[in-house]
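Some notes on the structure that comes next.
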Amino acid sequence: MSFLDSDKKFESIVAIYGCDVRYDLSWVENYSKEVYQTTGILISYQENEYVLTNRKKIINCQNIFMYQSLYRNDNAHIYKHDLEISFQIPELNLILLCTKGNDKFIFDKNISLSDKISEQKYSSSSFRLDEYFNNSLSKKKKYFCIKSDIVVDYNSICKRNIIYGTSFKKGVIINYKESFSNYHHIFHIPAINHQNFCGINGSLIVDSKFELIGIVDSMNIDNNCYVTPVKTIVKILDDFITFKPNPKLYMGLKSLFFSYKICEKKLIINKDVEVITLDGNKIIEKGDIIVSIDDHFIMINNTNVTIFDERYSNYLPIDTYLILNYSGNRTIKFDINRKNVIMHYDIFGVSLNLFNTKYSDQLFFYPKEIIPYINLKGLIIVQFTHELIMIMKSQNIIIKNNINNNRCLIIDCIDEKIKNGIIKLKKTNQSTRSINLNVIDTVNCKKIYKLSDIKDIIDNDPNFSYQIDFEPLSKIKNSIVI
Numbered sequence: 003m004s005f006l007d008s009d010k011k012f013e014s015i016v017a018i019y020g021c022d023v024r025y026d027l028s029w030v031e032n033y034s035k036e037v038y039q040t041t042g043i044l045i046s047y048q049e050n051e052y053v054l055t056n057r058k059k060i061i062n063c064q065n066i067f068m069y070q071s072l073y074r075n076d077n078a079h080i081y082k083h084d085l086e087i088s089f090q091i092p093e094l095n096l097i098l099l100c101t102k103g104n105d106k107f108i109f110d111k112n113i114s115l116s117d118k119i120s121e122q123k124y125s126s127s128s129f130r131l132d133e134y135f136n137n138s139l140s141k142k143k144k145y146f147c148i149k150s151d152i153v154v155d156y157n158s159i160c161k162r163n164i165i166y167g168t169s170f171k172k173g174v175i176i177n178y179k180e181s182f183s184n185y186h187h188i189f190h191i192p193a194i195n196h197q198n199f200c201g202i203n204g205s206l207i208v209d210s211k212f213e214l215i216g217i218v219d220s221m222n223i224d225n226n227c228y229v230t231p232v233k234t235i236v237k238i239l240d241d242f243i244t245f246k247p248n249p250k251l252y253m254g255l256k257s258l259f260f261s262y263k264i265c266e267k268k269l270i271i272n273k274d275v276e277v278i279t280l281d282g283n284k285i286i287e288k289g290d291i292i293v294s295i296d297d298h299f300i301m302i303n304n305t306n307v308t309i310f311d312e313r314y315s316n317y318l319p320i321d322t323y324l325i326l327n328y329s330g331n332r333t334i335k336f337d338i339n340r341k342n343v344i345m346h347y348d349i350f351g352v353s354l355n356l357f358n359t360k361y362s363d364q365l366f367f368y369p370k371e372i373i374p375y376i377n378l379k380g381l382i383i384v385q386f387t388h389e390l391i392m393i394m395k396s397q398n399i400i401i402k403n404n405i406n407n408n409r410c411l412i413i414d415c416i417d418e419k420i421k422n423g424i425i426k427l428k429k430t431n432q433s434t435r436s437i438n439l440n441v442i443d444t445v446n447c448k449k450i451y452k453l454s455d456i457k458d459i460i461d462n463d464p465n466f467s468y469q470i471d472f473e474p475l476s477k478i479k480n481s482i483v484i
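If you read the sequence shown in our numbering, its first letter stands for residue 3, the second for the next number, and so on.
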């Protein structure tokens, strides 16, 4: 696997732009003409190339294009490529982009914007990038942040790679209360001002040898960047390549598949769970004690359960460890103490996950919309996921319902004739507000668990009237007919 080849260092760094940004509530006919900019990197894997970048905003863009520069005899040829999203990991906020209509990046030498365009290459100190890394001033810095963009004037176009000196602060676990915890490096960039924040998401952190350290996930007002490490990026590529032949088999990141309690510094299973092992389906029983995972002993400190991960040189929460270490068809090795007998399980997965609300209901391969939904005669129905919670928070809306499983909700109504207490969403910049959403129990007496259940009912008779019954925890406790 190759990230930044020594013979084409800066050709691997690309400027990515997205336009025609969709409103997060994608059933609303509202498109922004703003252009979103980020940096990406060309990655070679198994003789194919892919473009990796930050998922923020790009996931909402109808049109995505990339500027790449190739150097020949000290001249830079700049190429513009039309891209589309091929694969995403919402939990880790990264996406893979490929040439439009393909499942990989394909270079087309016939789309150069000009035969001879001199590329302006400079750092914050106006050095050429390759000179900057060898310059005595830069030797005071061990790490650098590189951001790429395009500057156009009346007669020229220039692709810039901008360098900022940066320093490593620490590794940190970011806890997302709505979903999961994740591991990031934190780097500090003292030279950047807030006007230059544009495009910083997706920029690259490299060391003085130009080896990739990670990709910037976000940056705060204190100029601290939260960086996704290379080890996590490798995991994403492994998932993509493993499931590329049959994308429907990919069900998202493997996470914690059991519920537990802590008693006398022991991790005790508090509900039976059926798991898939190399020897067939087995039951991890209520009362079993998890001793180790992959020969790493469980560390318990108050309510914190962690495992040491050599790849990250840090103790990771148990859910984060599973998310970052398992992909494809790899097994998870569990040692379990059952009534003082040590039992070994090589686990592929679980037959039914009853403990975790899934992170996203989007397609992982070739996603089409930010929130998948069904329009049932003006009622907008969505799946309850952690991603839905986070997106609604970005709209200053808090979902109040106490929902602990993956159910279907009526989130909006675009038919003014429908009343019955059905909520109608309005985009607002006002202070945060809380809402209760109606949770669907049945449609036409058929139990509803996921959006496809409703789609099957519509497909069978699209002109039928629909009786919707709500669960008791919904805002209204009766049913409606539409």
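Even for Gly, the Cβ is constructed at its ideal location relative to N, Cα and C.
Could you tell me which of the options sits nearest to residue i, measuring between CA atoms?
i, options, result
"aspartate 56", "Asn65, Leu27, Ile97, Tyr47", "Strictly speaking, residue 56 in this sequence is asparagine, with aspartate absent from that position. Per the Cα distances, Ile97."
"glycine 103", "Ser88, Asn95, Leu94, Pro92", "Ser88"
"asparagine 50", "Ile108, Ile80, Leu27", "Ile108"
"phenylalanine 146", "Phe189, Ile176, Ile175", "Phe189"
"histidine 346", "Leu280, Gly173, Lys370, Glu86", "Leu280"
"lysine 379", "Trp29, Ile295, Gly20, Glu13", "Trp29"
"isoleucine 372", "Asn177, Val23, Ser315", "Val23"
"serine 169", "Asp151, Val154, Ile191", "Ile191"
"tyrosine 69", "Ile165, Ile43, Asn62, Gln90", "Ile43"
"isoleucine 459", "Val445, Asp471, Phe472, Tyr451", "Val445"
"aspartate 455", "Leu251, Asp297, Ile383", "Ile383"
"threonine 40", "Lys59, Gln48, Val53, Ile18", "Ile18"
"aspartate 240", "Asp463, Lys457, Gln48", "Gln48"
"isoleucine 235", "Ile215, Gly254, Pro247", "Ile215"
"isoleucine 243", "Met301, Ser315, Ile45, Asp311", "Ile45"
"valine 16", "Glu36, Lys82, Gly254", "Lys82"
"valine 277", "Ile391, Ile349, Lys59", "Ile349"
"glutamate 418", "Leu381, Lys448, Ile393, Asn440", "Leu381"
"serine 150", "Thr101, Ser183, Leu206, Tyr185", "Leu206"
Tell me where the beta strand (DSSP E) around residue i begins and ends.
i, result
"asparagine 303", "301 to 303"
"serine 294", "291 to 295"
"tyrosine 145", "145 to 154"
"leucine 378", "375 to 378"
"cysteine 447", "Neither: cysteine 447 is in no beta strand (DSSP E) and is coded neither H nor E."
"serine 220", "214 to 221"
"threonine 168", "159 to 177"
"asparagine 283", "282 to 286"
"valine 307", "306 to 311"
"isoleucine 335", "The sequence given here places lysine at residue 335; isoleucine does not occur at that position. Unbroken beta strand (DSSP E) run through lysine 335: 334 to 340."
"phenylalanine 472", "469 to 472"
"lysine 370", "First-last for lysine 370: undefined, no H or E at that position."
"asparagine 184", "183 to 190"
"valine 30", "Run containing valine 30: none; DSSP gives neither H nor E here."
"isoleucine 383", "381 to 385"
Mapping the DSSP letters down to three states, classify residue i as helix, strand or coil.
i, result
"lysine 250", "helix"
"valine 37", "coil"
"leucine 131", "Caution applies to leucine 131, whose pLDDT of 48 falls short of 50 and renders its modelled position unreliable; the value that the coordinates give is listed next. Residue state, collapsed to three classes: helix."
"leucine 54", "strand"
"serine 14", "coil"
"serine 481", "strand"
"leucine 99", "strand"
"aspartate 105", "coil"
"serine 261", "coil"
"serine 362", "coil"
"leucine 411", "strand"
"isoleucine 459", "helix"
"serine 454", "helix"
"isoleucine 60", "helix"
"leucine 72", "strand"
"glutamate 49", "coil"
"glutamine 122", "The pLDDT assigned to glutamine 122 is 44, lower than 50, so where the model puts this residue is not dependable; a value taken from the coordinates is nonetheless given after this. Glutamine 122: coil per DSSP, three-state reduction."
"leucine 206", "strand"
"glutamate 86", "strand"
"leucine 439", "coil"
"phenylalanine 357", "Unreliable placement is indicated for phenylalanine 357, whose pLDDT of 45 sits below 50; the coordinate value is still reported in the next sentence. Coil."
For the alpha helix (DSSP H) that contains residue i, what are its first and last residues?
i, result
"threonine 322", "320 to 327"
"tyrosine 232", "Strictly speaking, residue 232 in this sequence is valine, with tyrosine absent from that position. Here the alpha helix (DSSP H) through valine 232 covers 232 to 245."
"isoleucine 278", "Careful: isoleucine 278 lies outside any alpha helix (DSSP H), inside the beta strand (DSSP E) at 275 to 279."
"lysine 395", "388 to 396"
Is the beta carbon of residue i within less than 7 angstroms of some heavy atom of the ligand MG?
i, result
"phenylalanine 89", "With respect to the ligand MG, the structure offers nothing, as it holds no ligand at all."
| Do the segment 285 to 294 and the segment 334 to 341 touch if we need at least three Cβ pairs shorter than 8 angstroms? | Of all C-beta pairs linking the segment 285 to 294 to the segment 334 to 341, three or more are shorter than 8 angstroms, placing the two stretches in contact.
| field | At least 3 beta-carbon pairs within less than 8 angstroms: the segment 383 to 392 vs the segment 361 to 370 | value | The segment 383 to 392 is in contact with the segment 361 to 370.
| Cβ pair count under 8 angstroms reaching 3, the segment 391 to 403 against the segment 435 to 448 | Because the criterion of three Cβ pairs below 8 angstroms is met, the segment 391 to 403 and the segment 435 to 448 touch.
| message | Quick test of the definition: if touching needs 3 or more C-beta pairs under 8 angstroms, does the segment 218 to 226 touch the segment 251 to 267? | response | Output reads no: the segment 251 to 267 does not touch the segment 218 to 226.
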